[in-house]
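Just so we're aligned: the sequence shown equals residues -28 to -1, 1 to 367 in mature numbering (1 follows the signal peptide of the UniProt record, and there is no 0).
All C-beta atoms, glycine included, are put in the ideal place defined by N, C-alpha and C.
If you're wondering where the values come from, they're calculated on a predicted model, not measured in any experiment.
One structure is given here, and the rest of the page talks about it.
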Amino acid sequence: MIRVCPQRSMLIPVISLGALMVSPNAHATAGIYLDGYGIHAAGMGGTSVAFPQDVLVTESNPAGMALLGTRFDEDFQAIIGRVHTTFASPENHLTASPIAPALEGGFNWQVAPKWTLGVGVDGAGFASNYGQTLLPNTKAGVAKASFTAFNVLPTVTYRPIPSLSLGLSMVLSWEQFRANGLVASGPDGAPIAIPSHGNSSAFGIGFGTGLLWQPIPLVSFGAAYYSKVNYGRLSGYSDDILAAYGGRIDQPSRLNVGIAVHVTPSVTLAVDGSRIYWSSVAVFSDPATYGWKVQNVLGVGLSWDVNSKWTLRLGAHATSNQFGTDNTVANILGPAVILRRSVSAGVSYRVTPKDEVSAAFTYVIPKTVVGTGPSAGTSIKANMQYLGIGYSHNF
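As structure tokens, this is what we get:
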């Protein structure tokens, strides 16, 4: 028999928030964000702030579009994982094998020597399905949740001088959320089921702005700021599990900086750093549930043009912990948020001078978190891998 001791039973209301972490990018090492956007950055530890290679640079530094010319990119990434958790008791085991497809792409148009117009599009989905209830002998449904986001980033860039580029993006987003199998404590302390409201969606808007400066041919510097993306209310859930947060799940503001050293005409070393301000989003920063804090992100990547046909890439990616072990239980339906480090590799082949196919693989180093304090009895063990392919065409 599985026993939940009294001090652990107080965790049951918190799990009503756990499903919120199953977001489009919760399979990454930086909360709800992928390690790298664009197939080229994905093979280089996510680095792209000062080294733009495709139109998905709109997600890290809009100014990078100024250096891309007229082109089109389309990528597909598949995220495959394995999760083992215990909830409220070391004897209560749950497992899941999440698979998430992530589509991304866009185009850029050199409208004048100093101006470009373009758009980056990224969409991803994540599903966590444990195939059983969170706690045995309850009337709650199967514990599962899903979240889908679709982001469109129309972008304009301007180059006042050849060495400096400025960029501005709007972030237009649509999100869809669904949670099932949540439980809470009843008046007598016994677990009771929280009804699912099915799929609920909302629209959001924000912006990003950045600059890219290459003072000498050897070095490039980049910096960008992305505002909080404010969404509308998620109907149904805004009346219960999201009521305390205005019924909304927003994206946090973030700051990116990067440097790229062009060691030789064919070899580039890139380093990116980011700060993600989870404290700007009520649902993530609540110390009674997630307790997420500001998170630091570091990416390092190397690109080598072997010859006119082939390019090889290597990278590594690491993040700081955004929550403590006391908050483990609130993240059980979004378990991949515990992952912190990954290594990656990528390759591109130019079929013609204007057409290129690329692939990337990311191995996320497995991690285990054991809950403490109010999360005692709950643990999360997760591992993930990403595999991506892409096509690019230059006009």
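Starting from the C-beta of residue i, find all residues in its chain whose C-beta is less than 6 Å away, skip the five residues before and the five after it, and write them out in chain order.
i           : result
residue 388 : Residue 388 lies beyond the residue range present for the chain, which begins at -28 and ends at 367; the question has no answer from this structure.
His234      : Leu190, Thr240
Phe256      : Trp250, Tyr262, Trp264
Ile52       : Ile71, Gln357
Val269      : Ala2, Ser246, Thr291
Ala331      : Val319, Ile361
Ile248      : Pro224, Arg226, Gln267
Ser20       : Ala13, Val29, Ser32
Arg285      : Gly15, Met16, Ser275, Gly318
Asp244      : Thr19, Val21, Gly230, Gly271
Asp277      : Ser238, Thr283
If we call anything under 8 Å between Cβ atoms a contact, is residue i one with residue j?
i      : j      : result
Ser275 : Arg322 : no
Gly180 : Gly230 : no
Ile177 : Leu144 : yes
Ala196 : Pro34  : yes
Ser238 : Ser199 : no
Tyr5   : Leu28  : no
Leu89  : Phe48  : no
Ala151 : Ser173 : no
Met16  : Gly273 : yes
Lys353 : Leu311 : no
Gly36  : Leu184 : yes
Pro85  : Ala50  : no
His289 : Asp26  : no
Exposed or buried, what is residue i when buried is set at 16 or more other beta-carbons lying within 10 Å of its beta-carbon?
i      : result
Ala260 : exposed
Ala215 : exposed
Glu328 : buried
Lys116 : buried
Phe175 : exposed
Thr236 : exposed
Leu112 : Note on residue identity: the sequence assigns Ala, not Leu, to residue 112. Flag for Ala112 reads buried.
Lys103 : Here residue 103 turns out to be Gly, not Lys, going by the sequence shown. Exposed is the call here.
Thr57  : buried
Asp160 : exposed
Pro24  : buried
Glu63  : exposed
Ala13  : buried
Asp211 : exposed
Val55  : buried
Asn80  : buried
Ser316 : buried
Thr324 : exposed
Ile133 : exposed
Pull up the CB-CB distance for residue i and residue j, whole angstroms please, since I reckon it's below 8 Å.
i      : j      : result
Ile71  : Ile361 : 16 Å between Cβ atoms; not a contact.
Ser364 : Arg43  : 6 Å
Val336 : Met356 : 4 Å
Tyr203 : Asp222 : 6 Å
Gly153 : Val201 : The pair is not a contact, with the Cβ atoms about 28 Å apart (cut-off 8 Å).
Ala232 : Arg131 : That belief does not hold up - the Cβ atoms of Ala232 and Arg131 are roughly 17 Å apart, past 8 Å.
Gly271 : Gly296 : About 24 Å separates the two Cβ atoms, so there is no contact after all.
Thr120 : Gln148 : 5 Å
Asn171 : Ser32  : Going by Cβ atoms, the distance from Asn171 to Ser32 rounds to 30 Å, so no, they are not a contact pair.
Phe122 : Trp87  : Not confirmed; about 27 Å, so no contact.
Going by alpha carbons, who is nearest to residue i out of the options?
i           : options                       : result
Thr105      : Ser320, Arg54, Pro163         : Pro163
residue 407 : Val155, Thr88, Glu76          : Residue 407 lies beyond the stretch modelled for the chain, which goes from -28 to 367, so this question has no answer here.
Gln267      : Ser252, Ile188, Leu184        : Ser252
Gly18       : Asp160, Ser246, Ser61         : Ser246
Ala165      : Phe149, Val201, Thr110        : Thr110
Thr334      : Ser320, Leu359, Arg312        : Leu359
Asp258      : Ala84, Lys353, Tyr217         : Tyr217
Ser192      : Ser135, Val278, Ser207        : Ser135
Ser118      : Asn101, Gln186, Ala50         : Asn101
Asp94       : Glu46, Pro187, Ile133, Ser207 : Glu46
Which same chain residues end up closer than 8 Å to residue i when comparing Cβ atoms and leaving out the 5 residues on each side of it in sequence?
i      : result
Phe59  : Ile(-14), Leu66, Leu106, Leu107, Val301, Ile304, Gly349, Thr350
Phe367 : Gly41, Thr42, Arg43, Phe44, Lys326
Gly345 : Thr297, Asp298
Pro187 : Ser135, Phe193
Which residues in the same chain have their Cβ closer than 7 Å to the Cβ of residue i, if we skip the five residues on either side of it in sequence?
i      : result
Gln294 : Gly3, Trp250, Trp264, Lys265, Gln267
Ala68  : Val55, Ser100, Asn101, Tyr102
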